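Chains A and B supply the protein sequences, listed in that same order. Quick note on numbering: the first sequence equals residues 0 to 286 in numbering that gives the first Met the number 0. Quick note on numbering: the second sequence equals residues 0 to 286 in numbering that gives the first Met the number 0. We put the beta carbon where it would ideally sit given N, CA and C, even for glycine. All of these numbers come straight from a predicted model, not from anything done at the bench.
2 protein chains.
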Amino acid sequence: MTRFERVAVIGVGLIGGSFALGLKAAGACGHVVGVGRGAANLRVALEKGIIDSIATEVTDADLVLVATPAAQYPQVLAAVAPRLKPTAIVTDAGSTKRDVVSAARAALGTRISRFVPAHPIAGAENSGAAAASAALFRGKRVVLTPLPENSAESLHAVESAWAACGARVSHMSPEEHDAVFAAVSHLPHLLAYALVHEFAGRADSAQLFGYAAGGFRDFTRIASSNPEMWRDICVANREPLLAELERYAAKLQTLRPLLERGDAVALEKLFAEARAARERWLNGEVE
Amino acid sequence: MTRFERVAVIGVGLIGGSFALGLKAAGACGHVVGVGRGAANLRVALEKGIIDSIATEVTDADLVLVATPAAQYPQVLAAVAPRLKPTAIVTDAGSTKRDVVSAARAALGTRISRFVPAHPIAGAENSGAAAASAALFRGKRVVLTPLPENSAESLHAVESAWAACGARVSHMSPEEHDAVFAAVSHLPHLLAYALVHEFAGRADSAQLFGYAAGGFRDFTRIASSNPEMWRDICVANREPLLAELERYAAKLQTLRPLLERGDAVALEKLFAEARAARERWLNGEVE
Numbered sequence: 000m001t002r003f004e005r006v007a008v009i010g011v012g013l014i015g016g017s018f019a020l021g022l023k024a025a026g027a028c029g030h031v032v033g034v035g036r037g038a039a040n041l042r043v044a045l046e047k048g049i050i051d052s053i054a055t056e057v058t059d060a061d062l063v064l065v066a067t068p069a070a071q072y073p074q075v076l077a078a079v080a081p082r083l084k085p086t087a088i089v090t091d092a093g094s095t096k097r098d099v100v101s102a103a104r105a106a107l108g109t110r111i112s113r114f115v116p117a118h119p120i121a122g123a124e125n126s127g128a129a130a131a132s133a134a135l136f137r138g139k140r141v142v143l144t145p146l147p148e149n150s151a152e153s154l155h156a157v158e159s160a161w162a163a164c165g166a167r168v169s170h171m172s173p174e175e176h177d178a179v180f181a182a183v184s185h186l187p188h189l190l191a192y193a194l195v196h197e198f199a200g201r202a203d204s205a206q207l208f209g210y211a212a213g214g215f216r217d218f219t220r221i222a223s224s225n226p227e228m229w230r231d232i233c234v235a236n237r238e239p240l241l242a243e244l245e246r247y248a249a250k251l252q253t254l255r256p257l258l259e260r261g262d263a264v265a266l267e268k269l270f271a272e273a274r275a276a277r278e279r280w281l282n283g284e285v286e
Numbered sequence: 000m001t002r003f004e005r006v007a008v009i010g011v012g013l014i015g016g017s018f019a020l021g022l023k024a025a026g027a028c029g030h031v032v033g034v035g036r037g038a039a040n041l042r043v044a045l046e047k048g049i050i051d052s053i054a055t056e057v058t059d060a061d062l063v064l065v066a067t068p069a070a071q072y073p074q075v076l077a078a079v080a081p082r083l084k085p086t087a088i089v090t091d092a093g094s095t096k097r098d099v100v101s102a103a104r105a106a107l108g109t110r111i112s113r114f115v116p117a118h119p120i121a122g123a124e125n126s127g128a129a130a131a132s133a134a135l136f137r138g139k140r141v142v143l144t145p146l147p148e149n150s151a152e153s154l155h156a157v158e159s160a161w162a163a164c165g166a167r168v169s170h171m172s173p174e175e176h177d178a179v180f181a182a183v184s185h186l187p188h189l190l191a192y193a194l195v196h197e198f199a200g201r202a203d204s205a206q207l208f209g210y211a212a213g214g215f216r217d218f219t220r221i222a223s224s225n226p227e228m229w230r231d232i233c234v235a236n237r238e239p240l241l242a243e244l245e246r247y248a249a250k251l252q253t254l255r256p257l258l259e260r261g262d263a264v265a266l267e268k269l270f271a272e273a274r275a276a277r278e279r280w281l282n283g284e285v286e
């Protein structure tokens, strides 16, 4: 396990705070400085022992985690770049990766060799440092999207940091990452938001919501997600998301004739196959 | 509260069994006979005290609940009709109502005046008499779709029975019922099945499911629903469901240009409006 004497976390929210706590719990770091805009949130982080000091710069940090909203990366990385010490290694926690890589290349220049993009697949109902937990990443997946320029040392260090938090680390290219998450995460969010918005805009919305029950509640849970965050994700990842939206719309079109002719056999087959696939997934069986 | 000396439950599963237990807990019934195909399930119901005896006919019942799969209603009602005593009142628990009303009219003839259709909005992960509970309907909605032929006495009796189980009883026409539930229940099920099926059929399905997380799990929970039941619901209610599917597909088409031009303002507005509507719903506020 790599030990980082000085860690800087930029954006000490649920993700950034949990990363700091995870490293500390594993004994993988020394001093953690917190950098961010929200003074009240940073004080909470300090009181909870998530960070050891509040700073405005990342000078001296051996490892820097960027965990702000992804739309802020260009400014954040531009501000950080000239302050990094030559050996500093940088990772992030953004939900999309092609845009993050572009922003990092633009801001970091040749230092891109020490920036290893990461996407921790973890979240929770709550946000902010107050919700941070050393256990957030335990058993969760963290996808690294290493760059051709990355040094072996940088990649190893970032792998080691996320592994110290208990995560299961895997690799993809940024393009592959964005395509996979457009499908399994971004599209469902868009679909859930769209359904709630559709019903909310109808003249009989009071009646519709009045009879919505548990199935609707779970189906639309992700429509209670943060609108700013999901706006940014949808804009950043719009090409793969549009492709997934088209494929899903085409899938829905295949259901029309089955319903029109009341094809009970074909509908049951489709439902049973979907249920079986979902059960295999829940049971951790290979698809 | 109306008391029913002799109650017959046809199909003693989660719903039928919970209805019997609910009536018993409220002191609203005397003897309950269970009628059904599954001998093992009926023995469980007897052992659990859900029913007091097993019968093959509903003779002598003052109140009959039909709680079999809805596709069996034509045969079940045809078999029941000639055995009903003249004062017997009949209700049901089907998820769709126009088809149930058609089947009841065909099977019951002039006795339709004593058939009051009902849809309890309650379910659970488990099924069968073993999962039945006197509390299943407490605080849950039961929609009655009374018919023009229904006598005031029949309507009152059925209202009283479901209310005795703790349900909040309301009324709609069968057409209105089927339109509302096509939107808030049947469509989400179809959408969830379709998404899982779409991913399961791809060459990279192992990778997709490998990175699916909590949002996907909740969004697709209803894709683990019973395929036979949902086949029957989709076929029985296909016209309103097709109309909802078309409206939703049109809604998705409105998202395309927003994504294509990366319209952050419009996307955030839509997401924020959807989230606000969902939060009002969760808080029980009027839409």
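- [ ] Give me the Cα-Cα distance between arginine 279 of chain A and valine 141 of chain A, rounded to the nearest whole angstrom.
- [x] 22 Å
Open item on the list: Here's the rule I'm using: 16 or more other beta-carbon atoms within 10 Å means buried, otherwise exposed. How should leucine 266 of chain A be labelled?
Closed with: buried
TODO: Select from A:Ala222, A:Val179 and A:Leu186 the residue whose C-alpha is nearest the C-alpha of glutamate 197 of chain A.
DONE: A:Ala222
- [ ] Can you pull the chain A residues whose beta carbon is under 9 Å from the beta carbon of proline 239 of chain B, in chain order?
- [x] Ordered by position in chain A, no residue passes the 9 Å Cβ test against proline 239 of chain B, which lies about 10 Å from the chain.
- [ ] Could you confirm whether any beta carbon from chain A is found closer than 9 Å to the beta carbon of glutamate 267 of chain B?
- [x] Closer than 9 Å: yes.
Open item on the list: Distance cutoff 9 Å, beta carbons only. Does phenylalanine 218 of chain B sit that close to anything in chain A?
Closed with: yes
- [ ] Please report the residue range of the beta strand (DSSP E) in which serine 169 of chain A lies.
- [x] 167 to 170
Task: Exposed unless 16 or more other CB atoms sit within 10 angstroms - verdict on glutamate 174 of chain B - done: exposed
TODO: Decide yes or no for the touch test of the segment 235 to 245 of chain A against the segment 149 to 158 of chain B: beta carbon pairs closer than 8 Å, at least 3 of them.
DONE: No, the segment 235 to 245 of chain A is not in contact with the segment 149 to 158 of chain B.
- [ ] For arginine 5 of chain A, write down the residues that DSSP places opposite it in a beta bridge.
- [x] A:His30
TODO: Put valine 179 of chain B into one of helix, strand or coil per three-state DSSP.
DONE: helix
Open item on the list: Can you tell me whether aspartate 217 of chain B is helix, strand or coil according to DSSP?
Closed with: helix
- [ ] Report yes if the CB atom of isoleucine 49 of chain A is closer than 9 Å to the CB atom of leucine 76 of chain A, and no otherwise.
- [x] no
Task: Exposure label - leucine 258 of chain B; buried when at least 16 CB within 10 Å - done: buried
Task: Interface partners of serine 101 of chain A on chain B, CB under 8 Å - done: Per Cβ cutoff of 8 Å: no residues; serine 101 of chain A is ~14 Å from chain B at best.
TODO: Pull up the distance between the alpha-carbon of leucine 186 of chain A and that of lysine 268 of chain B, whole angstroms please.
DONE: 17 Å
Open item on the list: Rounding to the nearest angstrom, what Cα-Cα distance links arginine 277 of chain A and alanine 38 of chain A in this structure?
Closed with: 44 Å
Open item on the list: Please state the DSSP three-state secondary structure of serine 153 of chain B.
Closed with: helix
Task: Close-in-space but distant-in-sequence residues of the same chain around aspartate 177 of chain A (CB under 7 Å, 5 per side omitted) - done: Thr95, Lys96, Arg97, Asn236 and Pro239
TODO: If I'm right that serine 184 of chain A touches isoleucine 88 of chain A with Cβ under 8 Å, what's the distance once you round it to whole angstroms?
DONE: No, serine 184 of chain A and isoleucine 88 of chain A are not in contact; Cβ-Cβ is about 27 Å, not under 8 Å.
- [ ] Output, in sequence order along the chain, the residues in the segment 176 to 190 of chain A whose CB is closer than 8 Å to any CB in chain B.
- [x] Val179, Phe180, Ala182, Val183, Ser184, Leu186, Pro187, His188, Leu189 and Leu190
Task: 8 Å Cβ cut-off: residues of chain B touching leucine 22 of chain A - done: Chain B residues near leucine 22 of chain A: none, gap ~22 Å exceeds 8 Å.
Task: the segment 47 to 61 of chain B / the segment 20 to 37 of chain B touching (three or more Cβ pairs under 8 Å) - done: yes
TODO: Check whether the Cβ atoms of leucine 254 of chain B and leucine 189 of chain B lie closer than 9 Å to each other.
DONE: no
TODO: Locate the alpha helix (DSSP H) running through leucine 107 of chain B, then write down its first and last residues.
DONE: 97 to 107
- [ ] Give the residues of chain A in contact with serine 223 of chain B, contact being defined as C-beta atoms less than 7 Å apart.
- [x] Arg274, Arg277 and Glu278
Task: Near-chain B residues of the segment 139 to 163 of chain A (beta-carbon distance less than 9 Å), N- to C-terminal order - done: Answer in chain order: Lys139, Arg140 and Val142.
Task: Under 9 Å between C-beta atoms of aspartate 131 of chain A and glycine 10 of chain A - done: Inspection of the sequence shows that residue 131 of chain A is occupied by alanine rather than by aspartate. For alanine 131 of chain A and glycine 10 of chain A, no; Cβs fall outside 9 Å.
Task: Residue nearest to isoleucine 232 of chain B in terms of C-alpha spacing, selected from B:Gly93, B:Val63 and B:Val8 - done: B:Gly93
TODO: For histidine 30 of chain A, decide whether its Cβ has a neighbour in chain B, counting only Cβ atoms nearer than 9 Å.
DONE: no
Task: Backbone CA spacing between aspartate 217 of chain B and arginine 260 of chain A [nearest angstrom] - done: 30 Å
Open item on the list: Quick check: is the beta carbon of leucine 281 of chain B nearer than 9 Å to any beta carbon in chain A?
Closed with: yes
Task: Of the listed residues B:Ala128, B:Glu284, B:Ala106 and B:Thr144, nearest to phenylalanine 297 of chain B (C-alpha basis) - done: Outside the shown range of chain B, which is 0 to 286, sits residue 297 of chain B, and nothing can be said about it.
TODO: Anything in chain B within Cβ reach of valine 195 of chain A, meaning under 9 Å, just list it in chain order.
DONE: Glu272, Ala273, Arg274, Ala276, Arg277 and Trp280
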